[in-house]
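Undergrad: Take the sequence shown: its letters are residues 52 to 146, numbered as in our numbering. What follows is a structure written as structure tokens; I'll ask about it next.
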Amino acid sequence: MADAPLPPGWTLQQIRDRSGDQEAVALDPNRAVTWVGGAATEAKEALRPEIVLGFQDLCLVKTVDHDWYMGSLYEDGSIDCWAGCNSLDDGLRGL
């Protein structure tokens, strides 16, 4: 999506180069994003995404609280996040 936000100071090509995924895309953040990480008994929590970067069936999500998460991107556009990241750079290295 051409109008989807990117992290400040980053271009899509820089994200592709750092991740090694030349098909990485910036996605519309208006979608269901849920935190499912932690203990199996932990309640799921809805996250409020500000930036969503797609890497085939994985994604990195920056929330309005400035936290980064890694998760699974499903065909219906929803996301389940199961890991936190210290920064975008850490998330890109963890893909």
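All C-beta atoms in this analysis are idealised placements derived from N, C-alpha and C, irrespective of residue type, glycine included.
Between the Cα of D108 and those of I66, I130, K95, spot the shortest distance and give me the residue it belongs to.
TA: On the sequence shown, residue 108 is found 57 positions in, with the first residue counted as 1. Answer by Cα proximity: I130.
Undergrad: If distances are taken between C-alpha atoms only, which option among E74, D116, G128, D79 comes closest to S138?
TA: For the purposes of this step, residue 138 is taken as the residue at position 87 of the sequence shown. It is D116 whose Cα lies nearest to the Cα of S138.
Undergrad: Would you say G128 and R67 are within 8 Å of each other, going by their C-beta atoms?
TA: In the sequence shown, residue 128 corresponds to position 77, counting from 1. In the sequence shown, residue 67 corresponds to position 16, counting from 1. No.
Undergrad: Please work out which residues of its chain come closer than 8 Å, Cβ to Cβ, to M52, disregarding the five sequence neighbours upstream and downstream, and give them in chain order.
TA: Position 1 of the sequence shown, counted from the start, is the residue given in the question as residue 52. With a pLDDT of only 47 at M52, under 50, the local geometry of the prediction cannot be trusted, and the value read off the model is given with reservation. Cβ neighbours of M52 beyond the five flanking positions: V76, A77, L78, D79.
Undergrad: Going by the DSSP bridge assignment, what does P100 pair with across the sheet?
TA: Mapped onto the sequence shown, residue 100 falls at position 49. The secondary-structure analysis by DSSP pairs P100 across a beta bridge with T114.
Undergrad: With a threshold of 8 Å on Cβ separation, who are the neighbours of G71 within its own chain once the five nearest residues in sequence on each side are excluded?
TA: Numbered from its first residue, the sequence shown carries residue 71 at position 20. So the list reads L146, once near-sequence residues are dropped.
Undergrad: If we ignore side chains and look at the alpha-carbon of each, how far apart do G60 and R69 end up?
TA: The count along the sequence shown starts at 1 and reaches residue 60 at position 9. The count along the sequence shown starts at 1 and reaches residue 69 at position 18. Cα to Cα, the separation comes out at about 14 Å.
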